[in-house]
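Peer 1: Dropping a structure here in structure tokens format, bear with me for questions.
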Amino acid sequence: MRSSVRKAIIILLAVVVIGTLIYRSRDAIRLEGFSWDKLGSAVRHADVPMLLLALLGIQVCFALRAFRWTRFSRYLDRATYSNIFASTVIGFSAIFLLGRAGEPIRPLLIARKDEIPVSSAFGIYVLERMFDMASTVVLASVALLAVPRLASAGEGNPLLAAARTTGIVLLAGLVMGVAFLVYFRLHGAAQLERRMDAWRAAGVTGWRQRVAGLVGGFSQGLQAIRSLSDFFFAVVISAVHWTLIAVIYYWVARSFGGRLAELGLSDALLVVAFTMAGSTVQLPGVGGGSQVASFLAYTAIFKVENEPAMAAAITVWLITFAGSTVLGIPLLIKEGWSMGELRRLASAEKEAEAHGGHVEPNAPAPMKSGSARGDSRR
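Here our numbering is used: the first residue of the sequence shown is 34, the next is one more, and so on.
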């Protein structure tokens with residue numbers, strides 16, 4: 034389940050991390066003498082076939098995400114890969130077109146199409162986000178700690194040194210988080226869920242209602258991991274997915290030539306980590322900090338000139354973020370959804386979550402903002 038408290042904590046941590054990194058690198062960021070001519074030249078001379086390969090790669094990433102979600106849903110007995118894939122690309126397209134308001138669209142569409150409880154869909158959504166965050170931390174730590182060139186470079190680069198320290202802290206936090214999840218899954222989930230059910234049965238309101246919903250969604254998501262094979266499958270698919278994301282970053286960098294073409298896959302892993310941290314920060318007039326974070330990584334760490342760095346940062350964002358619309362918009366039209374309907378669906382879900390529940394998966398397609406109802410458990 035999505036939660037304003039969980040999002041606030043994640044955003045706060047991201048702001049602290051990015052703020053610290055920017056402060057440590059304040060003397061390394063230089064935009065004086067920026068040339069729009071150089072930027073245009075970098076774009077004109079980009080390797081278009083390699084960029085198209087990167088665009089194809091992101092479609093494979095969506096397919097991998099759908100495959101992982103299908104595996105997470107196998108205990109629900111109703112999930113089908115084709116429905117989940119369509120909902121995945123439509124959901125990411127909704128995020129691109131609607132911003133943060135579009136985040137609940139994907140689990141809601143999956144719940145609708147496969148007629149599964151919305152709480153289960155949001156539980157899997159939480160589980161998916163956990164694996165994504167863990168994968169990013171691990172890959173960034175590998176790039177920072179296990180690659181000799183980057184490890185030695187940190188001695189003379191305050192930003193990279195700060196990032197390496199942050200990576201160590203996050204990796205330690207990840208280990209503790211995994212230990213907690215294992216304990217919670219084996220021992221605490223059932224007992225805590227019973228307590229939350231008692232709260233819901235008593236009709237509690239306010240913060241206890243929201244906590245009950247959050248814990249319920251979290252516990253529902255963990256039910257997708259019932260064996261070591263389930264866990265290792267999720268780890269492998271997540272690793273393949275995020276490694277492919279890094280390869281896409283690598284292809285984009287190589288397509289612009291020059292200093293960017295000299296960057297290796299380990300460098301791309303680090304840029305991915307910066308971009309993921311930046312994507313949680315909303316910037317006025319921009320929408321997200323992912324472009325700024327990747328630009329910062331290219332210029333302050335890898336000493337790429339401002340113009341090609343900006344071209345690469347924007348192109349990475351377009352391919353990995355807007356690339357969902359290549360399949361998402363046609364599927365959106367095919368399935369008869371309009372942007373207004375998706376916006377109303379997201380608004381109804383937000384209202385339902387404020388009352389500790391979810392909209393029903395079988396509610397009429399054009400949902401009014403006031404039609405949110407409680408969670409349907411079937």
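Here a beta-carbon is modelled for each residue, glycine too, at the ideal position from N, C-alpha and C.
Applying the 10 Å Cβ sphere with the 16-neighbour rule, what's the burial state of Glu295?
Peer 2: When all chains shown are included, Glu295 counts as exposed.
Peer 1: Starting from Lys146, trace the alpha helix (DSSP H) both ways and give me its first and last residue.
Peer 2: It spans 138-147 - the alpha helix (DSSP H) in which Lys146 sits, taken as one unbroken run.
Peer 1: Go through its chain and collect everything with a Cβ distance to Leu88's Cβ below 8 Å, but skip five positions before and after it.
Peer 2: Ile352, Gly356, Val359.
Peer 1: Does the beta-carbon of Pro363 have 16 or more other beta-carbons within 10 angstroms, so that it is buried, or is it exposed?
Peer 2: Exposed, because fewer than 16 other Cβ atoms sit within 10 Å of the Cβ of Pro363.
Peer 1: Can you give the Cα-Cα distance for Val151 and Leu141, rounded to whole angstroms?
Peer 2: Taking the straight line joining both Cα atoms gives about 7 Å.
Peer 1: With C-beta atoms as the reference, is Leu203 less than 8 Å away from Val170?
Peer 2: The answer is yes: Cβ separation under 8 Å.
Peer 1: Assign His78 to one of three DSSP states: helix, strand, or coil.
Peer 2: Three-state DSSP puts His78 in coil, outside helix and strand.
Peer 1: Between which two residues does the alpha helix (DSSP H) carrying Gly124 extend?
Peer 2: Residues 114-131.
Peer 1: Determine the direct distance from the alpha carbon of Thr113 to that of Arg145, and round the result to whole angstroms.
Peer 2: Cα-Cα distance, rounded: 12 Å.
Peer 1: Do three or more CB pairs link the segment 365-375 to the segment 336-351 at distances below 8 Å?
Peer 2: No, the segment 365-375 is not in contact with the segment 336-351.
Peer 1: Under 6 Å Cβ to Cβ from Ser288, same chain only, skipping five residues before and after it: list those, please.
Peer 2: The answer, listed in chain order, is Ala79, Asp80, Met83, Leu84.
Peer 1: Determine the direct distance from the alpha carbon of Arg107 to that of Ile128, and round the result to whole angstroms.
Peer 2: Going by the C-alpha atoms only, they are around 26 Å apart.
Peer 1: Residues in its own chain within less than 7 Å of Phe354 by CB, not counting five upstream and five downstream?
Peer 2: Excluding positions up to five away in sequence, the list reads Phe129.
Peer 1: Is it buried or exposed for Met209, if we count other Cβ within 10 angstroms and need 16 for buried?
Peer 2: With fewer than 16 other Cβ atoms within 10 Å, it is exposed.
Peer 1: Considering only their Cβ atoms, is the gap separating Ala279 from Leu172 smaller than 8 Å?
Peer 2: Against a cut-off of 8 Å, the Cβ pair of Ala279 and Leu172 comes out as a contact.
Peer 1: Which whole runs of the alpha helix (DSSP H) in the segment 320-368 are 4 residues long or more, in chain order?
Peer 2: DSSP runs (the alpha helix (DSSP H)) wholly in the segment 320-368: 323-329, 339-353, 358-367.
Peer 1: For Val211, which residues of its own chain have a beta-carbon under 8 Å away from its beta-carbon, when the five flanking residues on both sides are left out?
Peer 2: So the list reads Ala167, once near-sequence residues are dropped.
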